[in-house]
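A.B. asks: Okay, handing you the structure first.
Numbering (our numbering), first residue to last: 12 to 276.
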């Protein structure tokens, strides 16, 4: 599998985390685990479609998809060769750009082609057919720069900034102070703009930080447990297993797969 990541044009940083692509001409099926990373996505498969297992049952996905916040791991399986690209959006961007209530899309991957929002349903005509990576990036940048002109303000901007700056370790009171709002107001806004609670979202970002620490050559588990803000090793293991379904000692951090590509920046 070939993975690549593209940085959006300056002026889109507040809305888009990155663009990514993956390609493989291997027709044999392979099951991949997808782990929460705190971002939403618009995904376009110009190769074969995938099968997914999110709630215990396998089903065949459609080619063009909107993925809301994922609160737990799930599985994907290719049906033939792979050719996909996606826009990985900042946590509040789908609300800012398209007015979506993100609470409705928790652990949901929905068909874009029949989506009730006409602008989202028509996105495939802006970017497909795929010709080459350079032209795709140009189309993506131009379209989202145009959309950004009418994007609404993000009332959680300072709260989310603190969550990322603290690697998910800021307290709720510190988040309220950063956003100049009460905890109740923050909870309400998170439901609409992000979909999940601020506490759970911070847990996802803190979990993601483990994958950044793992990349350091001199890392050890004791340091990682401490630096990622867990009380002790058992707390660390419980949280890791909650998101991945695996013990950290059994997880293949160096394997070339979707989960590691998305989590290792």
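The beta-carbon is built from N, C-alpha and C at its ideal position, and this holds for glycine as well. These numbers were taken from a predicted model, which means no experiment stands behind them.
1) Locate the alpha helix (DSSP H) running through residue 218, then write down its first and last residues.
2) What are the uninterrupted segments assigned as alpha helix (DSSP H) that are 4 or more residues long and contained completely in the stretch 51-115, given in chain order?
3) Using C-beta distances below 6 Å, list every residue in its chain close to residue 75, excluding the 5 sequence neighbours before and after it, in chain order.
4) Among the residues of its own chain, which have a CB less than 7 Å from the CB of residue 46, if the five just before and after it don't count?
5) Between the Cα of residue 107 and those of 61, 99, 161, 77, spot the shortest distance and give me the residue it belongs to.
6) For the 8 Å Cβ check, are there 3 or more pairs between the stretch 221-232 and the stretch 190-202?
7) Please list, in chain order, all residues of the same chain as residue 94 whose beta carbon is under 6 Å from its beta carbon, the five residues on each side excluded.
8) Sort out for me which residues DSSP pairs residue 180 with in a bridge.
9) Considering only the beta carbon of each residue, do residue 26 and residue 141 sit closer than 8 Å?
10) Can you name, in chain order, every residue of its own chain whose Cβ lies under 7 Å from the Cβ of residue 61, other than the five neighbours on each side?
11) Can you tell me which of the three DSSP states residue 40 falls into?
12) Using alpha carbons as the reference points, say which of 197, 188, 218 lies closest to residue 179.
13) From residue 112 to residue 48, what distance separates their C-alpha atoms?
14) Is residue 95 close to chain C, meaning its C-beta is less than 8 Å from at least one C-beta of that chain?
15) When we look at the beta-carbon of residue 190 and count the other beta-carbons within 10 Å, is it buried (16 or more) or exposed?
16) If you draw a straight line from the C-alpha of residue 139 to the C-alpha of residue 96, how long is it?
17) Can residue 126 and residue 77 be called in contact, C-beta distance under 8 Å?
18) Which same chain residues end up closer than 6 Å to residue 17 when comparing Cβ atoms and leaving out the 5 residues on each side of it in sequence?
19) Mapping DSSP to helix, strand and coil, what is residue 28?
20) Report the option in 238, 12, 187 whose CA atom is closest to the CA atom of residue 224.
21) State the DSSP-derived secondary structure class of residue 248, mapped to helix, strand or coil.
C.D. replies: Once the coordinates are examined:
1) 209-225 is the span of the alpha helix (DSSP H), which, as asked, contains residue 218.
2) If we require 4 residues or more, the alpha helix (DSSP H) runs fully inside the stretch 51-115 come out as 104-109.
3) Exclusion of the five residues before and after residue 75 leaves 55, 123, 124, 135 as the residues of its chain whose Cβ lies within less than 6 Å of its Cβ.
4) 84, 254, 255, 270, 274
5) Nearest C-alpha to residue 107: 161.
6) no
7) 34, 57, 58
8) Its beta-bridge partners do not exist; DSSP assigns none.
9) no
10) 72, 87, 88, 89, 90
11) coil
12) 218
13) 19 Å
14) In summary, chain C is missing from the structure at hand, where a single protein chain is found.
15) buried
16) 10 Å
17) Residue 77 is positioned such that its CB atom lies closer than 8 Å to that of residue 126.
18) 30, 148
19) strand
20) 238
21) helix
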